[in-house]
Each structure stands twice: as C-alpha cells, then as structure tokens.
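Numbering (this note's numbering), first residue to last: 1416 to 1632. Here a beta-carbon is modelled for each residue, glycine too, at the ideal position from N, C-alpha and C. Here the structure is a predicted model, which is why all the values come from computation and not from measurement. Working notes for the structure below.
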Ligand code: GRF
C-alpha cells in the first residue's frame, strides 16, 4: 500500500479527512504526522487514530536551512512514498522541496494561480471573483506555483465574508484532498516534464469537483 507522511501546523481538519479516507478505503497508509508546532490540535487527531506523531519546533532553529535539514531527516526516517502538506504553515527551502520533488503535495485554499500566499478568502472577496475554491498541487520551489493536481470550486455569494467563504471552501477541501492523494497513490496521475514546463498528465476518475448548486450550508 502506498505510504504517506503528513506535515501540519495547526487545526488538522484536512488531516482528519485524510485519516478518514485512509481508514475507509486503505488506498494509502499514513506512516506519521509531523508538526512544527508542539500544540497543533492536529497532533491529537493523529494520536486518537493511532498514528505516530513527531514535533519539530521551528522556533528552536537558527535558520530555515537548519530546520529543513532536520525535517528531511525526520521525514526520511518514515520511508514514505508521499509527503503531504496539510496546513503546514512554513515556507520550505528549495533544498527541501527538490529533495521530494514529484512526491510532495500541498493543499492551498484558492483556485491557483489566483491568490497565492495568505488570506486567500479575503483576497477573493476583494477581487470580486464569482468562483473561489481550493487546489491540490505539487510543491515546487516557487511558493504556490507547482503543477495543479485537482481543484474544487464554490460560488462566492454577495453576503460572504472571509469567514463564511473559508468555511464553505474548507468543506470542499475535505473532499478534494483525499481524492487527489488517492489518485496520485494509485498512479492515476503522473507528473512529467513537457515543453519546459511541468504538467500533470492523466485524469482522476471522477469529474472535476464543482459544488455551486447550493450554498454549501
Ligand atoms: C486549509 O485551509 C488549507 O487549505 C491551508 O491551511 C488550512 C489548514 O486547515 N493550507 P486544517 O489545519 O487542515 O484544518
């Protein structure tokens, strides 16, 4: 069975969705959950599911490079096929990213390439977009710019705040992320280099997830 290591920093709701999917389908096995924050609530979710956890507190390191080198040692120790960022709120060095290139993925709460970075829901409201959502993508050294694996969209409603929009997008993230990871683990998607740029080839079984038919409440 394909194996994954999941990196988190906080709440862990996407982690829980990934745990639930693994339990229900056995499409991948979660070897460990690593947090850069000792108090991340997601650590308790992992423990409750009987998954090994580790903490690597970034505040104890002098540099990003030193932290990432130690993180790589930790990750490598679990010998997993995939490294999954699920709300891991640290920018990773190119050295770390290149070490796992092609098997390192992230979920970002916007329809990339729109709204990379932070406060994506506020950015979406300010930009006046009618569709917003989430993206699962391969991680490359340029932040939030790696090849897109899958996306899910929600309609932006006139009375949305960043909070209400975030809540609706999060519901979709929980469906999107396990599906994308399972597709990668099963080899239904491959990442190849074509004409100088990197693209995901192949397709998921299900059609692109678009949930605009109701208000998501
Ligand atoms: C999610 O919105 C995810 O897209 C972003 O960080 C948030 C993590 O939430 N990268 P959670 O910890 O999974 O609940």
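Cβ neighbour criterion (16 or more within 10 Å) applied to residue i
| i | result |
| --- | --- |
| residue 1584 | buried |
| residue 1499 | buried |
| residue 1605 | exposed |
| residue 1578 | exposed |
| residue 1572 | exposed |
| residue 1441 | exposed |
| residue 1434 | buried |
| residue 1576 | exposed |
| residue 1457 | buried |
| residue 1616 | exposed |
| residue 1542 | exposed |
| residue 1507 | buried |
| residue 1550 | buried |
| residue 1478 | exposed |
| residue 1488 | exposed |
| residue 1601 | exposed |
8 Å contact criterion, which residue i and residue j should meet: CB distance rounded
| i | j | result |
| --- | --- | --- |
| residue 1455 | residue 1427 | 7 Å |
| residue 1552 | residue 1563 | 5 Å |
| residue 1447 | residue 1493 | 5 Å |
| residue 1501 | residue 1429 | 4 Å |
| residue 1423 | residue 1445 | Between residue 1445 and residue 1423 the Cβ distance is about 11 Å, and since that is not below 8 Å, they are no contact. |
| residue 1559 | residue 1531 | 3 Å |
| residue 1480 | residue 1471 | With a Cβ gap of about 14 Å, residue 1480 and residue 1471 do not count as contacting. |
| residue 1596 | residue 1443 | 6 Å |
Endpoints, alpha helix (DSSP H) assigned at residue i
| i | result |
| --- | --- |
| residue 1493 | It is not in any alpha helix (DSSP H) - residue 1493 carries neither H nor E in the DSSP assignment. |
| residue 1587 | 1577 to 1600 |
| residue 1456 | 1456 to 1463 |
| residue 1542 | 1535 to 1542 |
| residue 1426 | Run containing residue 1426: none; DSSP gives neither H nor E here. |
| residue 1512 | 1509 to 1514 |
The beta strand (DSSP E) enclosing residue i, as first and last residue numbers
| i | result |
| --- | --- |
| residue 1519 | 1519 to 1523 |
| residue 1565 | 1563 to 1570 |
| residue 1447 | 1444 to 1450 |
| residue 1422 | 1418 to 1423 |
Beta-ladder partner(s) of residue i, from DSSP
| i | result |
| --- | --- |
| residue 1553 | 1520 |
| residue 1548 | 1568 |
| residue 1467 | 1447 |
| residue 1498 | 1420 and 1519 |
Residue i: CB within 7 Å of a non-hydrogen atom of the ligand FMN
| i | result |
| --- | --- |
| residue 1450 | In the structure shown, the ligand FMN is absent; the only ligands present are the ligand GRF. |
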